[in-house]
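> Have a look at this one before I ask anything.
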Amino acid sequence: MLELSYARALATPLMDGTPQSGPLPVPPAPAEEAAIMAEWEGDRSAPRVSVMCFAFNHGDYIRMALDGFLMQRTRFPFEIVVHDDVSTDGTREIIEEYAARYPNIVRPILQEVNQYSQHIWPITFCMPVMRGDIIAYCEGDDYWIKPDKLARQVALFDAYPEATVCFHPALEFNEATGQHSLICRYADSVKKISAEAVIGLRGASIPSPAFSFRRVDATVDAMMASYRGAPIMDFFLQSYMALQGETLYYEDAACVYRRNAKGSWTSQQQESEAEQRYQRDMISAIDVFHANTRHMPHSDSLYIPLYHYFKQYVMAPASPMQRLANFRQGVALLSHMDRSRLLRLVRQDVMTRLIGTRRRRVSSDRAVQERKSA
Numbered sequence: 517m518l519e520l521s522y523a524r525a526l527a528t529p530l531m532d533g534t535p536q537s538g539p540l541p542v543p544p545a546p547a548e549e550a551a552i553m554a555e556w557e558g559d560r561s562a563p564r565v566s567v568m569c570f571a572f573n574h575g576d577y578i579r580m581a582l583d584g585f586l587m588q589r590t591r592f593p594f595e596i597v598v599h600d601d602v603s604t605d606g607t608r609e610i611i612e613e614y615a616a617r618y619p620n621i622v623r624p625i626l627q628e629v630n631q632y633s634q635h636i637w638p639i640t641f642c643m644p645v646m647r648g649d650i651i652a653y654c655e656g657d658d659y660w661i662k663p664d665k666l667a668r669q670v671a672l673f674d675a676y677p678e679a680t681v682c683f684h685p686a687l688e689f690n691e692a693t694g695q696h697s698l699i700c701r702y703a704d705s706v707k708k709i710s711a712e713a714v715i716g717l718r719g720a721s722i723p724s725p726a727f728s729f730r731r732v733d734a735t736v737d738a739m740m741a742s743y744r745g746a747p748i749m750d751f752f753l754q755s756y757m758a759l760q761g762e763t764l765y766y767e768d769a770a771c772v773y774r775r776n777a778k779g780s781w782t783s784q785q786q787e788s789e790a791e792q793r794y795q796r797d798m799i800s801a802i803d804v805f806h807a808n809t810r811h812m813p814h815s816d817s818l819y820i821p822l823y824h825y826f827k828q829y830v831m832a833p834a835s836p837m838q839r840l841a842n843f844r845q846g847v848a849l850l851s852h853m854d855r856s857r858l859l860r861l862v863r864q865d866v867m868t869r870l871i872g873t874r875r876r877r878v879s880s881d882r883a884v885q886e887r888k889s890a
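Heads up: the sequence shown at position 230 corresponds to 746 in this note's numbering, and the numbers run straight through without jumps.
Put into C-alpha cells, the structure is as follows:
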C-alpha cells in the first residue's frame with residue numbers, strides 16, 4: 517500500500533480546508549440500550565472498543581457527542597468512558613443522565629477537584645479503566661456523524677496488524693463564522709501515512725475526533741510519562757502511537773471537529789503573550805518527548821515541529837532585542853535534542869530568506885532600469 521509522505525500530506529487542506537455547502541450533519545437521537553446491544557456478538561463485558569471522551573463545560577455540545585457514540589452500529593461490544601473535570605454548566609448532569617439511561621455502555625468518571633488545573637490529563641484516569649483493545653478518542657465538544665465509523669476502523673486494524681493508528685477526514689465547523697469545511701482528506705481510498713507526516717504537521721494531520729489507536733499495554737505508562745508536562749495532549753498522543761507502528765487513513769469524513777468552540781483550545785490561543793508561552797512550553801515538551809522516544813524509528817521527525825515552534829517563538833516579538841532574548845532562551849530549553857542540528861535548520865532558513873530577498877531586490881532594480889531605458 518502506498519505510504520503518503522510528509523511533503524504530500526503538507527499539500528493537503530488541513531485547517532480551513534475545502535468549504536462545504538448544505539447543512540452540517542448531526543447525529544440522530546440514539547436507540548435504547550437494549551436495541552444497541554442486541555446487535556453485539558461475543559462477551560458484552562469485554563468490549564472491543566473503548567470510546568474515550570473528555571468533557572469540561574461542554575453543556576452546549578455533550579449531547580451530540582454522546583449521541584454520535586451511541587449511533588454506532590457494530591457487531592462487537594463497545595463502551596463509552598466519559599471524563600468530566602468538574603464542569604459548572606450542566607455537563608456533568610447530562611453525563612449522569614446518559615449513564616442512567618445506558619448503564620451497560622456509558623461509564624462516567626466524575627471528578628470532584630479539577631485535574632487539568634493541576635496539570636493532570638484526563639487520559640491518566642481513563643486508560644486504567646478502559647477495557648477495549650482499540651481506543652477511539654473524541655472530546656465533548658466534537659461529535660461523530662457516521663454509524664459505521666467504529667466498525668470501519670476496527671476492520672482496518674484487523675486487516676493490518678502492524679497498524680497502531682487509524683483515522684479519517686473531518687468536517688471542521690467554525691463556530692465564529694458558522695461555516696464548515698472538509699479537512700485532512702489525503703486520498704480517495706485507504707492509505708498509509710508516514711510517521712514523519714503525522715509528527716511534522718504538529719497535530720493538524722489528524723482531526724482529534726477521527727483518531728483511534730491500538731492499545732499496547734506495555735507502553736501505556738511510558739506513553740503518559742512521555743508528555744506529562746506538555747501544554748497539549750493530542751499532538752504527543754498521536755505522535756507516540758504513530759511511532760509505535762503504522763498509521764492508516766480511510767477516506768470517509770465521519771466526524772465534526774469544532775473550531776472556536778466555547779472554552780476550546782482554538783478559542784484560547786488568541787493573545788500574543790499566551791501564544792509565546794505556548795510555543796516556549798512546546799519547545800521544552802518536544803525536547804523531553806524526544807528523550808523518551810529516541811529509541812523508536814522515525815523519532816528524529818520531532819525536529820520538524822521543534823524547528824516550527826522555535827521559529828515562531830523567536831519571530832513573535834516585534835522588538836529585535838526581545839527576539840534575540842527569545843532565541844537564547846529557546847536554545848537553552850533544549851536538554852536532550854541536538855542544539856547544533858536545530859541551529860543548522862535555522863541558518864538554512866535565514867539564508868533562504870536572505871537569498872529570496874536579494875533576488876527580489878535584483879528583479880526590482882532591473883525592472884526600474886528597464887522602465888528608465890524605455
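All residues carry an ideal CB built from backbone N, CA and C; glycine is no exception.
(1) Round the Cβ separation of Val670 and Ile650 to the nearest angstrom and send it over; I've been treating them as touching at under 8 Å.
(2) State the beta-bridge partners of Met568 as determined by DSSP.
(3) Beta-carbon within less than 6 Å of Gly538's beta-carbon, same chain only, minus the 5 sequence neighbours each way: which residues are those?
(4) With His684 and Tyr766 assumed to form a contact (beta carbons below 8 Å), what rounded beta-carbon distance in angstroms separates them?
(5) Do you know offhand how far Tyr829's Cα is from Gln792's?
(6) Can the beta-carbon of Asp654 be found less than 8 Å from the beta-carbon of Ala581?
(7) Write down every uninterrupted run of the alpha helix (DSSP H) in the stretch 810-835 whose length is 4 residues or greater and which is fully enclosed by it, in chain order.
(8) Would you check whether the ligand SAM has a heavy atom nearer than 7 Å to the C-beta of Phe585?
(9) Counting only runs of 4+ residues fully inside the stretch 746-774, write out the alpha helix (DSSP H) ranges in chain order.
(10) Step through the CB atoms of chain B and report whether any lies within less than 8 Å of the CB of Phe752.
(11) Any idea if Arg844 is buried or exposed, counting beta-carbon neighbours within 10 angstroms, 16 or more meaning buried?
(12) Is the CB-CB distance between Phe751 and Arg718 below 8 Å?
(13) Report all residues from its chain with a CB closer than 7 Å to the CB of Thr534; omit the five preceding and five following residues, and keep chain order.
(14) Identify, in the order they occur along the chain, each residue of the same chain with its Cβ nearer than 6 Å to the Cβ of Met757, setting aside the five sequence neighbours on each side.
(15) Spatial neighbours of Thr763 within its chain, please: C-beta separation below 6 Å, excluding the five flanking residues on both sides.
(16) To the nearest angstrom, how far is the alpha carbon of Ile748 from that of Pro593?
(17) Would you call Gln864 buried or exposed, if buried means 16 or more other Cβ atoms sit within 10 Å of its Cβ?
(18) Out of His599, Asp576, Ser815, which one is the CA nearest neighbour of Phe641?
(19) So, is Lys888 buried or exposed, given that buried needs 16 or more other C-beta atoms within 10 angstroms?
(20) Is Phe727 helix, strand or coil when you go by DSSP?
(21) Can you tell me the Cα-Cα spacing of Asn573 and Ala550, whole angstroms?
(22) Do Phe689 and Tyr743 have their C-beta atoms closer together than 8 Å?
From the atom records:
(1) Correct: roughly 6 Å between the Cβ atoms.
(2) Note: Met568 sits in a beta bridge opposite Val597, Tyr653.
(3) None.
(4) With 8 Å as the limit, His684 and Tyr766 qualify as a contact, their Cβ atoms being about 5 Å apart.
(5) Distance from the CA of Tyr829 to the CA of Gln792, rounded to the nearest whole angstrom, comes to 6 Å.
(6) It is Cys, not Asp, that sits at residue 654 in the sequence shown. Cβ distance < 8 Å, so Cys654 and Ala581 count as in contact.
(7) Here the runs fully enclosed are 819-831.
(8) In the structure on display, the ligand SAM does not appear, and there are no ligands present to speak of.
(9) Correct list: 750-760.
(10) Included in the structure is just one protein chain, with no chain B present.
(11) With a 10 Å radius around the Cβ and a threshold of 16 neighbouring Cβ atoms, Arg844 comes out exposed.
(12) In this structure, Phe751 lies near Arg718, with their beta-carbon atoms less than 8 Å apart.
(13) Once the five neighbours on either side are set aside, the close Cβ partners of Thr534 are Ser697, Leu698.
(14) Beyond the five residues adjoining it in sequence on each side, Met757 comes within less than 6 Å, by CB distance, of Thr680, Val681, Phe729 in the same chain, given in chain order.
(15) So the qualifying residues of the chain are Val681, Ile709, Val714.
(16) Whole-angstrom Cα-Cα distance: 31 Å.
(17) In this structure Gln864 is exposed. Its beta-carbon is surrounded by fewer than 16 other beta-carbon atoms within 10 angstroms.
(18) Cα-wise, what sits closest to Phe641 is His599.
(19) Low local confidence applies: a pLDDT of 47 at Lys888 is under 50, so the model's placement there is unreliable, with the coordinate-based value given in what follows. Label assigned to Lys888: exposed.
(20) Here DSSP, grouped into helix, strand and coil, assigns Phe727 to coil.
(21) Near 30 Å, if we compare the C-alpha coordinates of Ala550 and Asn573.
(22) Not in contact: Phe689 and Tyr743 (Cβ atoms no closer than 8 Å).
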